[in-house]
Amino acid sequence: MLLTEAATKEYVVENERAEECIMEDNLPEAASTLLEIIDRAPSNSRAFNNLGVIAWKQDNWYDAFGLFKHALELKPDNADAASNLFDLALKTHKIDEVRDMLVKASDLLPYDAELEDIALGLREDGDDIYYCGRALQQGYYHPDLANADALVGEGKYPEASALYFKVLDEQGELAEVYNGLGVINFHEKKYLDAFTLFTEAIKLNPINRDMFMNLFDSAQVSDMVKNSIDIFYTCRKEYPQLEEIEHLVPKYPE
């Protein structure tokens, strides 16, 4: 999430104060300040971007997406809003909705290396952009997935399974679906099935820490520890960022 360098000459001090509150997790105070700015200056792009950051921190993904989009509409060369919008478009699979806006932002800021890389991916990768490293780090959000996860937390496994399969039918194969189904199987003590589902999840998102933790947990109770280690190091060769969780990999059984 980017909080600085959102170019605007209006209400700089007020925006900076709101950004400090955001950094301190004082979100109500930040929101109050930003709403006051917008009430006096409805076209203040920086304030809308900062409101988007608040929505992001609260996991209100669609609200954040809309706020970043509006910030960029108000100021097409707002680099912070463009970068944030790109991340949320990846997370919510709404790239097609904002592709032209993001490419335009890059064209308006030709010396911004990050936006240049974003625009290159948008021009060349098509739907494959949802499998780039940045997209995998963001994960995928869909309301039905969130509802299914909540049902799992409540122990309502049949209802959660039905919702996961609905997402699978409508959205295609997703790491989050296989991971959720794996969690259900683990709770139902179907440990080998859980291990298989977590493996499928990692095939689709090989840099997700939580999915690897689930894989390791299921491996410990399904006699698949060696397999889980092999899966990890196969992914580790291609994704150096997995080094961060290497210390959590189980030991080879004796």
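Residues in the sequence shown are numbered from 36 upward in steps of one, following this note's numbering. Using N, Cα and C, we set each Cβ at its ideal position, and we do this for glycine too. Treat the numbers as computed from the prediction; the structure is a model and nothing was measured.
Local conformation of residue i per DSSP, three classes
{"i": "Glu208", "result": "coil"}
{"i": "Glu59", "result": "coil"}
{"i": "Gln93", "result": "coil"}
{"i": "Ala170", "result": "helix"}
{"i": "Asp147", "result": "coil"}
{"i": "Lys201", "result": "helix"}
{"i": "Tyr165", "result": "helix"}
{"i": "Lys76", "result": "Strictly speaking, residue 76 in this sequence is Ala, with Lys absent from that position. Coil."}
{"i": "Leu37", "result": "Unreliable positioning characterises Leu37 in this predicted model, as indicated by a pLDDT of 49, which lies under 50. The coordinate reading is nonetheless provided below. Here Leu37 sits in coil by DSSP."}
{"i": "Asp184", "result": "helix"}
{"i": "His105", "result": "helix"}
{"i": "Tyr192", "result": "helix"}
{"i": "Asp179", "result": "helix"}
Candidates the options: closest to residue i by CA position
{"i": "Asp170", "options": "Pro275, Ile219 and Asp122", "result": "In the sequence as displayed, the identity of residue 170 is Ala instead of Asp. The shortest C-alpha separation from Ala170 is found at Asp122."}
{"i": "Leu277", "options": "Ala148, Ser196, Met246 and Val256", "result": "Met246"}
{"i": "Gly168", "options": "Leu198, Tyr176 and Gly156", "result": "Gly156"}
{"i": "Ala210", "options": "Ala114, Tyr192 and His177", "result": "His177"}
{"i": "Lys286", "options": "Tyr274, Thr269 and Phe251", "result": "Phe251"}
{"i": "Asp162", "options": "Arg52, Asp131 and Lys191", "result": "Asp131"}
{"i": "Leu69", "options": "Glu49, Asp60, Glu59 and Asn61", "result": "Glu49"}
{"i": "Arg158", "options": "Leu180, Arg134 and Ala140", "result": "Arg134"}
{"i": "Pro288", "options": "Glu273, Asp265 and Pro275", "result": "Asp265"}
For residue j and residue i, the rounded distance between their alpha carbons
{"i": "Ala254", "j": "Phe233", "result": "10 Å"}
{"i": "Val202", "j": "Ala183", "result": "9 Å"}
{"i": "Val187", "j": "Gly207", "result": "21 Å"}
{"i": "Thr127", "j": "Ala236", "result": "18 Å"}
{"i": "Tyr146", "j": "Val138", "result": "13 Å"}
Closer than 8 Å: residue i CB and nearest the ligand ZN heavy atom
{"i": "Thr68", "result": "The model on display carries no ligand, and the ligand ZN is accordingly not part of it."}
At what residue ranges does the stretch 208-286 contain a whole run of the alpha helix (DSSP H), taking only runs of 4 or more?
The stretch 208-286 contains these whole alpha helix (DSSP H) runs: 210-222, 226-239, 244-255 and 260-273.
Would you list, in sequence order, the uninterrupted beta strand (DSSP E) runs of no fewer than 3 residues that lie entirely inside the stretch 113-142?
Taking only runs of at least 3 residues, no beta strand (DSSP E) segment lies wholly in the stretch 113-142.
Per the contact definition of three or more C-beta pairs closer than 8 Å, is the stretch 81-91 in contact with the stretch 100-112?
Touching, yes, given that three or more Cβ pairs across the two stretches are closer than 8 Å.
For the stretch 55-69 against the stretch 83-99, are there 3 or more C-beta pairs whose distance is under 8 Å?
Output reads yes: the stretch 83-99 touches the stretch 55-69.
Within the chosen definition, does the stretch 109-121 reach the stretch 191-199 through at least 3 CB pairs nearer than 8 Å?
Touching, no.
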